[in-house]
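In this note's numbering, the protein residues as written are 5 to 76. We put the beta carbon where it would ideally sit given N, CA and C, even for glycine. Values in this document were obtained by computation on a predicted structure and should not be read as measured data. Read through the structure below, which is laid out as structure tokens, and then see the notes.
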Amino acid sequence: MTDLMRCMYENYIRPQIESQPKNDAEAMQIDLLNNVLDPHLQRTLQEVLAIYATRSFRLGVRTGVSLREDLS
């Protein structure tokens, strides 16, 4: 991941994801993962989530640019 994408993830993408409300089932799954994984695996999981969230963000931007005229 480039430095720009890392910065975007830390300062925009991740806060947006974390600010979304979670229902009880989602909160339980997150807590379960945090309780089961050791610290090394938790860091690895966070890195994997960062990669996929950044790729999803980039796909959304590219899709928005491509559909700009259709959405206007």
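| query | Straight-line CA distance for L36 to P19? | reply | Looking up residue 36 in the sequence shown gives position 32. Looking up residue 19 in the sequence shown gives position 15. Their Cα atoms are separated by approximately 21 Å.
| Can you round the beta-carbon distance between Y16 and A54 to whole angstroms, since I take them to be within the 8 Å contact cut? | As a first step, residue 16 must be located in the sequence shown, where it is residue number 12. As a first step, residue 54 must be located in the sequence shown, where it is residue number 50. Their Cβ separation, rounded to whole angstroms, is 12 Å, which puts Y16 and A54 out of contact at 8 Å.
| field | Where the alpha helix (DSSP H) through E30 begins and ends | value | Indexing the sequence shown from 1 puts residue 30 at position 26. Element bounds for E30: D28 to V40.
| query | Could you give the distance in angstroms between the alpha-carbon of R62 and the alpha-carbon of S70? | reply | To locate residue 62, count along the sequence shown from 1; it is residue 58. To locate residue 70, count along the sequence shown from 1; it is residue 66. So the two alpha carbons sit approximately 12 Å from each other.
| message | With H, G and I counted as helix, E and B as strand and the rest as coil, what does DSSP make of P25? | response | Against the sequence shown, residue 25 aligns to sequence position 21. P25: coil per DSSP, three-state reduction.
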